[in-house]
Amino acid sequence: MAATEDEWNGAVDSALARIVDESGADIAFGARLAADGRSLVMTRFRGARTAALRDLAVHSGTGLGGKALVLDRPVAVDDYVRARSISHEYDRPVAREGLHSILAVPLRGADRVTGVLYAALRQRLPVGERMLRQAVAVAREAERRMAAGRGGWARTAWPENAGGPGAAALPEVRAELGRIIPRVGDADVRRELEALWDRIGARPGAEAGPGRPALSVRECETLGHVAAGLSNAQTADRMGLTVGTVKAYLRSVMRKLDCHNRVAAVNAARALGYPL
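So the mapping is simple: the numbering used here equals the position in the sequence shown, first residue as 1, plus 978.
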């Protein structure tokens, strides 16, 4: 069951406020998938100066948002009206709002993309890694909020002090999920497992211990994709990062584990008990 209009609007409004407040974007706006399932309609805004984009319909595959809708991954341009990677049906309203650098991140529902979150700058500056990470994180949080609102498994938090024989097994459950998730190819199934992981507790494997260096959650996630056989480019696409950032995470992991290549790092992490 899809989120209601009020649930979708509430989640998106909260997300847009966070994007503007925390990522450095000048404006953020949200477009919801129309009833025809082939176009987006821009309805929610934070930081807009004009009404140029309000109720603008963006068709599948066109512009930046239509491209994000089709590819189901974040896409960005640093100079919208001159970008060669997108079509240009919407240059006029974008120019009227004074936008140059724009990022579009899909919002996913239970079985399809339900909309797109945009973050934009009014200067010709590269969309930085910080804005990309923040927008993707905010989009995932909005998805969880909408899932909770429609009565799914995310509505009820896992009890902090659950009793019974199952409570003691939670660390093993977390660890097992940590090993499974990086190997899941189906994006929808992966998102459900990640949400269940979040529901059970913090992602495992990042804590330091005797003879065990502390790896960040993102470092563990990157290494998990490598262990599953993904290339740097595939890992970057799966995590919504640049290839350079993925390489930086791997260099950090190899330094911490005193390894000289990816395979050795995976083997060392597994030997130390990290769930990959």
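Heads up, the beta-carbon is just placed ideally off N, CA and C, and yes, glycines get one too.
Assuming residue i contacts residue j under a Cβ cut-off of 8 Å, what Cβ separation, rounded to an integer in Å, is found between them?
i, j, result
"A1113", "A1097", "5 Å"
"F1007", "R1027", "12 Å between Cβ atoms; not a contact."
"M1109", "A1003", "6 Å"
"A1046", "V1083", "7 Å"
"L1099", "S1079", "4 Å"
So is residue i buried or exposed if we call it buried at 16+ other beta carbons inside 10 Å?
i, result
"P1104", "exposed"
"D1022", "Checking the sequence shown, residue 1022 turns out to be Arg, not Asp. R1022 comes out buried."
"N1239", "exposed"
"G1251", "exposed"
"G1207", "exposed"
"A1029", "exposed"
"A1013", "exposed"
"G1202", "buried"
"A1145", "The predicted position of A1145 is uncertain, since its pLDDT is 45 and thus under 50; a value taken from the coordinates is nonetheless stated next. With fewer than 16 Cβ atoms within 10 Å of its Cβ, A1145 is classed as exposed."
"T982", "exposed"
"V1241", "exposed"
"S1209", "exposed"
"R1216", "buried"
"E1138", "A caution first: E1138 carries a pLDDT of 38, below 50, which makes its placement in the model too unreliable to give a value."
"G1015", "exposed"
"A1249", "exposed"
"A1211", "exposed"
Compare the C-alpha of residue i against each of the options and name the closest.
i, options, result
"R1102", "S1063, V1059, R1123", "V1059"
"D984", "G1002, A995, R1010", "R1010"
"L1193", "A1206, M1232, N1245, L1219", "M1232"
"C1198", "G1222, S1209, V1221, V1244", "V1244"
"A1307", "L1228, T1200, S1230, R1122", "For residue 1307 there is no data in the structure shown, the boundaries of the chain being 979 and 1254."
"V1116", "E1000, A1249, V1195", "E1000"
"V1091", "R1051, D991, E1067", "R1051"
"R1118", "L1219, L1085, E1107, R1100", "L1085"
"E1067", "G1218, E1107, L1049, G1043", "G1043"
"N987", "R1074, G1093, R1111", "G1093"
"R1074", "L1228, H1037, D991, R1032", "R1032"
"P1191", "C1237, G1218, G1222", "C1237"
"G1218", "R1196, R1062, R1229", "R1196"
For residue i versus residue j, is the C-beta distance shorter than 8 Å?
i, j, result
"I997", "L1077", "no"
"L930", "A1247", "Residue coverage of the chain in this structure runs from 979 to 1254, which leaves residue 930 outside it and unanswerable."
"V1204", "A1214", "no"
"S1017", "A1035", "yes"
"A1054", "L1081", "yes"
"I1064", "G1041", "yes"
"T1220", "E1107", "yes"
Any chance the CB of residue i is under 7 Å from a heavy atom of the ligand COA?
i, result
"L1228", "Among the components of this structure there are no ligands whatsoever, and the ligand COA is therefore not found."
**Asked** Can you list, in chain order, the stretches of the alpha helix (DSSP H) that have 4 or more residues and sit fully within the segment 993 to 1061?
**Response** 1041 to 1049
**Message:** Going residue by residue through the segment 1060 to 1098, where are the continuous alpha helix (DSSP H) segments of at least 4 residues, counting only ones entirely within it?
**Reply:** 1069 to 1074
**Item:** Whole runs of the alpha helix (DSSP H) within the segment 1187 to 1215, excluding any shorter than 4 residues
**Value:** Listed in chain order, they are 1195 to 1205.
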